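Each residue of the sequence shown is one higher than the one before, counting from 0 in numbering that gives the first Met the number 0. Below is one structure, written out as structure tokens; comments come after it.
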Amino acid sequence: MRETFKNQELEARFQKDGYVEVPFLKPEEVEMLKKYYFDTLEESGGRLGPEDEKYQSDAEITYDFTFIDKNSDYKQQVFDMITKSFESRVDHYLADYKPIIANFIRKKEDGGEVPLHQNWAFADEHKCATVSIWCPLVDSNKENGTLEVVPGSHKRFGEVRGPMIKSELFGIQQEIIDRHMVPVETKAGNSVILDDSIIHYSSPNQTDGLRLAIQLILIPKEENSIHFHMDLSKDRSTVEVLEVDKDFYMKFNPWKKPSEEIKRVRSFKYEPFDMTIEEFEAKMSQPRFDDLSVKSQSAEVLDHNTEPIEVRARQTSFWSKLKSKLTKA
Ligand SMILES: O=C(O)CCC(=O)C(=O)O
0 MRETFKNQEL EARFQKDGYV EVPFLKPEEV EMLKKYYFDT LEESGGRLGP
50 EDEKYQSDAE ITYDFTFIDK NSDYKQQVFD MITKSFESRV DHYLADYKPI
100 IANFIRKKED GGEVPLHQNW AFADEHKCAT VSIWCPLVDS NKENGTLEVV
150 PGSHKRFGEV RGPMIKSELF GIQQEIIDRH MVPVETKAGN SVILDDSIIH
200 YSSPNQTDGL RLAIQLILIP KEENSIHFHM DLSKDRSTVE VLEVDKDFYM
250 KFNPWKKPSE EIKRVRSFKY EPFDMTIEEF EAKMSQPRFD DLSVKSQSAE
300 VLDHNTEPIE VRARQTSFWS KLKSKLTKA
């Protein structure tokens, strides 16, 4: 496995827990980035939403998040500012990583829950880890909705993750939150560097103060970035693997089908399935999906000219559930 951290002690902690907490920005840098956020906010184009693509969804997004901003010039400006400000610390901690997505994440007072999730897959996780640097610009705690994680849950669940692919944890989110989530309370300017496959969550900001954080997603420099796409209007059990780069995400709309011009490198059969809390808990002590002894859910290629290969077929009530969540208007 390619290493993620230059420092062996951080690497060992990251491999064990799926995240580490490190000092990151100086107080004056925190203040500068906070000021930058508010000074440029008027350039934001507002949030994209499912309704822009004529979808109805009951999953309302209640936090501000650069990734879904309608103005791609604003997103680019934010990306440039964050990557420049983080560059020397990224090089200090990480073993040759390049940034692909940068976000400010703001929870206003009394809102902004980020549902339990794993970040999408951004590169081949059998070869490497992709990371998010999560850096709060205010002291973060349970009350203002700090980041919470399930320690050790990285690379065990959701091997195939993308915006149109339902997570096997969908039906047990609340049980995982109640039983396994650990808040990471940290000071402004510290960072939590997490494996993008770790299960994480953040609760609403229940204070009347600001909860503003930065997320920078990075992949190893030598890796191509990938994006798993399932076309829900076609075959609902085939995942296409798109080869993408940071510009793809700059213009990305999670509710829009990626252009046919984007290179498809392969596809494979994948049947979304549901997991019970008992299965979840048992899996926490089993080998990770990047362990060579574990059968991969994403490694078997489905050539467009051949018959589908059944990789995993589990009976699921997924489509009936999804229909009630997401319906074309
Ligand atoms: O800022 C938050 O509360 C959530 C952050 C998050 O989900 C992430 O960094 O992946």
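For glycine and all other residues, C-beta sits at the position ideal for the given N, C-alpha and C. Remember, predicted model here, so these are calculated numbers, not experimental data.
Annotation: the continuous beta strand (DSSP E) that includes Ile192 extends over 189-194.
Relative to ligand 1, Val113 has its C-beta within less than 6 Å of a heavy atom. Within 6 Å of the C-beta of Ile104 there is at least one heavy atom belonging to ligand 1. Pro135 sits buried, since 16 or more C-beta atoms from the chains shown fall within 10 Å of its C-beta.
In the three-state scheme derived from DSSP, where H, G and I count as helix and E and B as strand, Asp95 is classed as coil. Within 6 Å of the C-beta of Gln117 there is not a single heavy atom belonging to ligand 1. Ligand 1 never approaches Ser152 closely enough for any of its heavy atoms to be under 6 Å from the residue's Cβ.
The continuous beta strand (DSSP E) containing Ile218 extends over residues 210-219. Rounded to the nearest angstrom, the Cβ distance from Asp95 to Lys245 is 16 Å, too far for a contact under 8 Å. The beta carbon of Arg210 lies closer than 6 Å to those of Lys106, Asn143, Gly144, Asn204 in the same chain, with the five residues before and after it left out. Leu40: not part of any beta strand (DSSP E); DSSP gives it neither H nor E. A direct Cα-Cα distance of roughly 5 Å separates Ile213 from Phe103. The DSSP-derived three-state label of Ala128 is coil.
The alpha carbon of Ile99 has as its nearest neighbour, out of Asp109, Pro114, Ser87, Val77, the alpha carbon of Val77.
Distance from the C-beta of Gln214 to the nearest heavy atom of ligand 1 is below 6 Å. The Cβ atoms of Ser196 and Lys154 lie closer than 7 Å to each other.
For the region 151-207, the continuous beta strand (DSSP E) assignments of 3+ residues that do not extend past its boundaries occur at 189-194, 199-201, in sequence order.
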